[in-house]
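Below is one structure, written out as structure tokens; comments come after it.
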Amino acid sequence: MDWVFVLKLSVTLLVVLGAIAVVLGLPGTFLGWLGLVIFSFATRFAEISGWTLLGTFVGCLLVELADNLLSGVLVKKFGASRGSMLMAWVGGLGGAMVGGFVGSIGGFWGSALLSVVGAFAGSYAAVYLWERNRHKRSHSDAARAAFGTVLGRLLGMGLKLGWIGWFLSLVW
2 MDWVFVLKLS VTLLVVLGAI AVVLGLPGTF LGWLGLVIFS FATRFAEISG WTLLGTFVGC
62 LLVELADNLL SGVLVKKFGA SRGSMLMAWV GGLGGAMVGG FVGSIGGFWG SALLSVVGAF
122 AGSYAAVYLW ERNRHKRSHS DAARAAFGTV LGRLLGMGLK LGWIGWFLSL VW
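Each residue of the sequence shown is one higher than the one before, starting from 2 at the first, in our numbering.
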């Protein structure tokens, strides 16, 4: 087996781990970028130049910034408080862990699927409860704020996953 093929598979694994991190609400774009760095050094910059690495790093920073700005704008547009952003992250992480644990009964795919479902359900529930109990919002206002937070997270996640997917096109 060709060593470049094995290297590409290893980089693909890092990029997939980065995508999983993105789904869990973590900055996984940098993990995918680390895969590009390893690939570039291993191939002595024959396929991906140093300038491309610099550009993709700046792109990672911009994508992470855009994700946070997008979430912030949608949180504000849907009437959620500032604390809701933190609660969305905490709830998403907790929901992903609970979903992964419950899903492990169904094996790998059950764990993976329920982690994603748990992340969104946890975000929604945490923001809803935060707005309802902490800020004494009505049911409809709390639900609207929770929906806006989850929508912002979905859009930001789509942006980051698209960026990470582009990394794979650079390697393969």
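Glycine is no exception: its CB is placed at the ideal position from the N, C-alpha and C atoms.
Using alpha carbons as the reference points, say which of L162, A126 and E48 lies closest to A146. Your numbering for residue 146 matches position 145 in the sequence shown. When each option's Cα is compared against that of A146, the closest is A126.
Taking the Cβ atom as the reference point for each residue, do E30 and W164 lie within a distance shorter than 7 Å? Locating residue 30 in the sequence shown gives position 29, counting from the first residue. Locating residue 164 in the sequence shown gives position 163, counting from the first residue. According to the sequence provided, residue 30 is Thr. The question's Glu does not apply to it. Going by C-beta atoms, T30 is nearer than 7 Å to W164.
Can you tell me which of the three DSSP states T44 falls into? For this step, residue 44 is matched to residue 43 along the sequence shown. It is coil, neither helix nor strand.
C-beta contact flag for G36 and L15 at 7 Å: Numbered from 1 along the sequence shown, position 35 holds the residue referred to as residue 36. Numbered from 1 along the sequence shown, position 14 holds the residue referred to as residue 15. Yes.
Sorted by chain position, which residues of the same chain lie with C-beta nearer than 8 Å to G149's C-beta, five sequence neighbours on each side aside? Within the sequence shown, residue 149 is the residue found at index 148, counting from 1. Cβ neighbours of G149 within its own chain (closer than 8 Å, five residues either side excluded): L75, V76, K78, F79, G80 and A81.
With distances taken Cα to Cα, identify the nearest neighbour of W90 among G19, L155 and W4. Within the sequence shown, numbered from 1, the residue matching residue 90 stands at position 89. W90 has its Cα closest to that of L155, out of G19, L155 and W4.
Give the DSSP-derived three-state secondary structure of S85 in the structure shown. Here residue 85 refers to the residue found at position 84 when the sequence shown is read from its first residue. Of the three classes helix, strand and coil, the one that applies to S85 here is helix, per DSSP.
For K77, does the three-state DSSP call read helix, strand or coil? Within the sequence shown, residue 77 is the residue found at index 76, counting from 1. In the three-state DSSP reduction, K77 falls in the helix class (H, G or I).
Taking the C-alpha atoms as reference points, what is the distance between G96 and V103? Reading the sequence shown from its first residue, position 95 is the one you call residue 96. Reading the sequence shown from its first residue, position 102 is the one you call residue 103. The straight-line gap from Cα to Cα measures roughly 10 Å.
Going by the beta-carbon positions, is the gap between G100 and S116 smaller than 7 Å? By one-based count along the sequence shown, residue 100 stands at place 99. By one-based count along the sequence shown, residue 116 stands at place 115. Remark: C-beta atoms of G100 and S116 approach each other more closely than 7 Å.
Do you know how far the Cα of M88 is from the Cα of H136? Counting from 1 along the sequence shown, the entry for residue 136 is found at position 135. Counting from 1 along the sequence shown, the entry for residue 88 is found at position 87. Each residue's Cα considered, the two are about 13 Å apart.
What residue range is occupied by the uninterrupted alpha helix (DSSP H) comprising D169? The sequence position of residue 169 within the sequence shown is 168, counting from 1. At residue 169 the sequence reads Leu, which differs from the Asp that was named. Its alpha helix (DSSP H) spans residues H140 to V172.
Identify whether G26 lies in helix, strand or coil by the three-state DSSP scheme. Here residue 26 refers to the residue found at position 25 when the sequence shown is read from its first residue. G26 sits in coil when the DSSP states are folded into three classes, being neither helix nor strand.
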